[in-house]
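For reference, the structure is listed below as structure tokens.
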Amino acid sequence: MARQLRLSSPASASSLFNRLQLDDDLEADVRDLYASTETRDLFVTVDDPKKHVSTMETYITYRVSTKTTRIEFDLPEYCVRRRYQDFDWLRIKLEDSQPTHLIPPLPEKFVMKGVVDRFSEEFVETRMKALDKFLKRVADHPVLSFNPHLNAFLSVKDLNKRQGLALLTKVGESVKHVAGGYKLRARPAEFCAMGEYLDTFSQKLGTIDRIAQRILKEQSEYLTELREYGTVYSSWATSEEELQRPLEGVASCVKTCCGALEDQSESMSQDFLPVLREYVLYIESMKNVLRKRDQTQAEYEGRLEAAILRKQEDRTPMPVEVEKCQDKVECFNADLKADWERWQSNKRQDFKQLLTGMADRNINHYEKCQAAWESLITLLQDKQTEDKTSETN
Amino acid sequence: MAEDGKEESVATDDESDHTAADGTGSLNNTMVEEGSTLLRRMEICVAEAEKRSGKNAVNMQETFTVYLIETRPMDAVVEGRNPAPDALWRRYSEFELLRNYLIVTYPYIVVPPLPEKRAEFVWHKLSADNMDPDFVERRRVGLENFLLRVASHPVLSNDQILYHFLTEEHGWKEVVYETGFQAKADSRLRALSATFRVRNPDKRFMEMKHYSDELQSHTSQLLRARARVADRLYGVYKVHGNYGRVFSEWSAIEKEMGDGLQSAGHHMDAYAASIDDILEEEEHYADQMKEYLFYAEALRLVSEHEPMMIFSLLWQSSVQKHELTQFELEMASQDLISKKQQREELATGIVRTLKLLEELIAEGEETVKEKTLECEEHVEKAWVDMQRFKEQKDKDLREALINYAVMQISMCKKGIQVWGNAKECFLKM
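The structure is reproduced here in structure tokens:
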């Protein structure tokens, strides 16, 4: 099945991959992660969240805009509205139809009502960014972007009719196409390495998440004390004459610093943590694909073994199924290797951006604070020279 | 107040062989006085601190710290000669004795405070242990600051007991006790004046007392809040050290990203470590605030001295006229007995009053005349010194605030540098 798909798609994985090779000039494209050479011909964006209230339910839709020169699309531009359910549908369809490929993850589907406000600006904003990223990754993928389900998702006005279902049953990942009960003999070293890498990486990301959360907590407690500290200066100022302005100046500086830190904390919470968590989901997806690959290989080995035994018994030729399995394994391995390289490359870009963003936020915070204190010194020292000149007179 | 360059050179912070107390910077502006203060004639510093062991008053072994006071004649210093300083060792309790003597002997002077006896307003990392080297060092600086302030005060600097404190190691204590200052303390009157209020005290002094309460309250609030802030800030910085470790571990499984991550990790470690120096420096600011917290107490004593003197006058004359009942009535008219708690205080106060009454009758009429004159003089002197104190305080605290802002800027610059370095590493990933 995989091989069929490869033939029908206009570009095989490897050749398309070469065509869409990510620019190694990372400096220029730090922001635009998915910018590549001029051969990109499909651009998608998710924005403009809107709340819909019906008798049955309330939900959010997002505008999905597409610009493309591909002939697989009837029009050069599309603009449709989609809700989370629709993205979920797309992802499942992609997984089912492209089992050998790594499908990017979606943000968490279920949120506990009462714990998280599904309609708060923050939540919607964060979710929207993740959906945008998901779609961009799919659109950027040399094979996935040609998937007919993606085409439908991007172009069809009313997806429900096309889907033919009002209720969505989430099919468990990766169960369908694997024949059960086969045990893997020997996993090729490179896939072992991938698995180990993913395990360790996932662990490290988890640690970073915990550290970041801890920092946010410490900062929050610091902020509480700092605010109180600022008010002490204000209140002291009321009982002073000469010192009133200096003391109020300090109070004001402290307040500015509080504001700057609040901004930094909010930014960490909204921009840093979600991306980190998304990568953890991404890694889980990847591990699943590796497992699928293992199972495909196991199936092949199992059938091969059985076929050899039978051949020895009654001299029947190698069954077609076994050859098909072999094909499957080879395709899977090739696709996976290509996807792995691309994933590593994207990961490098993503984390570079994520961490430089974190550094920038901290620099920004300190710059604001420094400016506040510097202007206070100017104020205080002006007064000093004023005093000195008035004294000598 | 004229300031000329010569006055500036009196400050010991110009001397490179002394570790300058942070207070000496501000002393430049407040040391200038009319008349010749001790500090103009003599260079003073508290150069060192040492641990000693010995037997105490109840014959128990104890460890304590002594401080080396070095003095040199100022004319020798100015002329460029470099004579060896005279030196003697004193412990904290001797400084306390000196200060108590000054407070009692000059009740109209706001006497400079000593550094704190025990470490207070500590944030968690700072040791509250008196033997801790950082505490001892800060105390050394505080003691030097005390001596410099006293020796540059127009009134206090002329005191002989002070001079002996600086120049005679042995026998000084006996000389102090011989002055009989403890008898003068008249804590009896103090105890009573705390319970009873005086009718029509001088409004200026009441305002000063009120201000001293405010100053005390605000400085102590500030110190407490600052300690809590320091504690929290410490936590924020230290947690970043965890990034150092995890980046290092992560870099081990990466190819191209490895170097960048590893180096960034080192910068995170540096960031976490930087808070120690930052907070250590901030202790100097806390010490400056503490000085004024304790100064507030000294100011309060002076502001209470005047009403106390009037009180003692009233009392003396009542006693002389044997008009105890009249006196009691005067007290009652101050509306104290309307409140239950004060009623009880009044009851115990009256018992004490009767006891002290007997003692004071014995002192006779001469005392009344003496006290009246004293009172008038003191009130004027107190007012002058409170003004001097006010100006000193305004200048010192303004400078302290400027220094604080400078420290904050330095902290920000360090932060920008570290994160800038980390960013460089991230960009190389």
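Heads up: the sequence lines are chains L and V, in that order. Residues in the first sequence are numbered from 41 upward in steps of one, following our numbering. Residues in the second sequence are numbered from 549 upward in steps of one, following our numbering. The beta-carbon is built from N, C-alpha and C at its ideal position, and this holds for glycine as well.
* Quick one: Cα of residue 265(L) to Cα of residue 374(L), how far? -> As a working note, residue 265(L) is residue 225 in the first sequence. As a working note, residue 374(L) is residue 334 in the first sequence. Each residue's Cα considered, the two are about 57 Å apart.
* Asked: Sorry if obvious, but does the Cβ on residue 814(V) come closer than 8 Å to a heavy atom of the ligand PLP?
  -> With respect to the ligand PLP, the structure shown offers nothing to examine, as it has no ligands at all.
* Have a look at residue 262(L) and residue 291(L) and give me their C-alpha separation to the nearest angstrom. => Taking the first residue of the first sequence as position 1, residue 262(L) is located at position 222. Taking the first residue of the first sequence as position 1, residue 291(L) is located at position 251. Distance between the alpha carbons of residue 262(L) and residue 291(L): 16 Å.
* What are the residues that DSSP puts in a beta bridge with residue 619(V)? -> Translated into the one-based positions of the second sequence, residue 619(V) becomes position 71. Partner(s): 592(V), 634(V).
* What number of angstroms, rounded off, separates the C-alpha of residue 713(V) from the C-alpha of residue 679(V)? -> For the purposes of this step, residue 713(V) is taken as the residue at position 165 of the second sequence. For the purposes of this step, residue 679(V) is taken as the residue at position 131 of the second sequence. Straight-line Cα distance between these residues: approximately 24 Å.
* DSSP beta-bridge partners of residue 828(V) -> In the second sequence, residue 828(V) corresponds to position 280, counting from 1. BP columns for residue 828(V) are empty, so no partner.
* Taking 9 Å as the CB-CB limit, is residue 286(L) close to chain V? -> Working through the first sequence from its first residue, we reach residue 286(L) at position 246. Residue 286(L) counts as touching chain V.
* May I ask which residues mark the beginning and end of the beta strand (DSSP E) holding residue 92(L)? => In the first sequence, residue 92(L) corresponds to position 52, counting from 1. Residues 82-93.
* Mind listing the chain V neighbours of residue 259(L)? Cutoff is C-beta to C-beta under 7 Å, in chain order. => Numbered from 1 along the first sequence, position 219 holds the residue referred to as residue 259(L). Those are 784, listed as they occur along chain V.
* In chain order, which continuous runs of the beta strand (DSSP E) of length 3 or greater are located wholly inside the stretch 656-721 of chain V? -> none
* Could you give the C-beta distance for residue 177(L) and residue 144(L), rounded to a whole number, given that I count them as a contact under 8 Å? -> Your numbering for residue 177(L) matches position 137 in the first sequence. Your numbering for residue 144(L) matches position 104 in the first sequence. So it is a contact: roughly 4 Å between Cβ atoms.
* Asked: Can you round the beta-carbon distance between residue 592(V) and residue 691(V) to whole angstroms, since I take them to be within the 8 Å contact cut?
  -> Numbered from 1 along the second sequence, position 44 holds the residue referred to as residue 592(V). Numbered from 1 along the second sequence, position 143 holds the residue referred to as residue 691(V). So it is not a contact: roughly 11 Å between Cβ atoms.
* Asked: Can you list the residues of chain L that residue 798(V) reaches, using a CB-CB cut of under 7 Å?
  -> Position 250 of the second sequence, counted from the first residue, corresponds to residue 798(V). In chain order: 244.
* Proximity test, Cβ basis, 9 Å: residue 414(L) and chain V -> Counting from 1 along the first sequence, the entry for residue 414(L) is found at position 374. Taking Cβ atoms only, chain V reaches closer than 9 Å to residue 414(L), which makes this a yes.
* Hey, quick one: how far does the beta strand (DSSP E) through residue 105(L) stretch, first residue to last? -> Here residue 105(L) refers to the residue found at position 65 when the first sequence is read from its first residue. Note, residue 105(L): beta strand (DSSP E), 98-108.
* Asked: With a CB to CB cut of under 6 Å and the five nearest residues on each side skipped, what residues in its chain are close to residue 799(V)?
  -> The count along the second sequence starts at 1 and reaches residue 799(V) at position 251. So the qualifying residues of the chain are 806, 809, 810.
* Identify, in the order they occur along the chain, each residue of the same chain with its Cβ nearer than 7 Å to the Cβ of residue 164(L), setting aside the five sequence neighbours on each side. => As a working note, residue 164(L) is residue 124 in the first sequence. 89, 100, listed in sequence order.
* Beta-carbon of residue 967(V) versus every beta-carbon of chain L: anything under 9 Å? -> The residue labelled residue 967(V) in the question sits at position 419 within the second sequence. Judged by the 9 Å Cβ criterion, residue 967(V) is in contact with chain L.
* Identify whether residue 112(L) lies in helix, strand or coil by the three-state DSSP scheme. => What you label residue 112(L) is simply residue 72 of the first sequence in a count that begins at 1. Note: residue 112(L) maps to coil in three-state DSSP.
* Asked: How should residue 608(V) be labelled, buried or exposed, when 16 other C-beta atoms within 10 angstroms of its C-beta is the threshold for buried?
  -> Locating residue 608(V) in the second sequence gives position 60, counting from the first residue. Result: exposed.
* Are the C-beta atoms of residue 275(L) and some chain V residue less than 9 Å apart? -> Your numbering for residue 275(L) matches position 235 in the first sequence. Chain V contact via Cβ: present.
* **Minimum Cβ-Cβ distance from residue 72(L) to chain V less than 9 Å** => Numbered from its first residue, the first sequence carries residue 72(L) at position 32. Bear in mind that the predicted position of residue 72(L) carries a pLDDT of just 43, short of 50, making it too unreliable to give a figure here.
* Out of curiosity, what's the CA-to-CA distance linking residue 303(L) and residue 614(V)? -> Here the question's residue 303(L) lines up with position 263 in the first sequence. Here the question's residue 614(V) lines up with position 66 in the second sequence. For residue 303(L) and residue 614(V), the distance between alpha carbons rounds to 50 Å.
* To do: At 3 residues or longer, and completely inside the stretch 932-971 of chain V: list those beta strand (DSSP E) runs for me, N to C.
  => none
* **Spatially closest choice to residue 132(L) from 184(L), 170(L), 103(L), 102(L), by CA coordinates** => Position 92 of the first sequence, counting from 1, holds the residue named residue 132(L). Of the listed residues, the one whose Cα sits closest to residue 132(L) is 184(L).
* Asked: Which word fits residue 91(L), buried or exposed, when buried means at least 16 other C-beta atoms lie within 10 angstroms of its C-beta?
  -> Taking the first residue of the first sequence as position 1, residue 91(L) is located at position 51. Exposed, because fewer than 16 other Cβ atoms sit within 10 Å of the Cβ of residue 91(L).
* With a threshold of 16 other CB atoms inside 10 Å of the CB of residue 693(V), please say whether the residue is buried or exposed. => Here residue 693(V) refers to the residue found at position 145 when the second sequence is read from its first residue. Per the 10 Å Cβ criterion, buried.
* Asked: Would you report the Cα separation of residue 371(L) and residue 119(L), rounded to the nearest angstrom?
  -> Numbered from its first residue, the first sequence carries residue 371(L) at position 331. Numbered from its first residue, the first sequence carries residue 119(L) at position 79. So the two alpha carbons sit approximately 35 Å from each other.
* Give a yes or no on whether 9 Å exceeds the smallest Cβ distance from residue 386(L) to chain V. => Residue numbering aside, residue 386(L) sits at position 346 when the first sequence is read from its first letter. So, not an interface residue.
* Asked: Quick one, which of 306(L), 228(L), 198(L), 129(L) has its alpha-carbon nearest residue 330(L)'s?
  -> For the purposes of this step, residue 330(L) is taken as the residue at position 290 of the first sequence. Per the Cα distances, 228(L).
* Does the stretch 821-831 of chain V come within contact of the stretch 622-633 of chain V, defined as at least 3 CB pairs closer than 8 Å? -> no
* Over what stretch of residues does the beta strand (DSSP E) that includes residue 118(L) continue unbroken? -> One-based indexing of the first sequence puts residue 118(L) at position 78. Note, residue 118(L): beta strand (DSSP E), 117-123.
* To do: Go ahead and pull the three-state DSSP assignment for residue 600(V).
  => Translated into positions along the second sequence, residue 600(V) becomes position 52. Three-state result, residue 600(V): strand.
* **At least 3 beta-carbon pairs within less than 8 Å: the stretch 645-652 of chain V vs the stretch 721-728 of chain V** => yes
* Neighbour list for residue 399(L) in chain V, Cβ cutoff strictly below 8 Å -> Within the first sequence, the letter at position 359 stands for residue 399(L). What residue 399(L) touches in chain V: 967, 968, 970, 971, 974.
* **9 Å Cβ cutoff, residue 392(L) in contact with chain V** => Here the question's residue 392(L) lines up with position 352 in the first sequence. So, interface residue.
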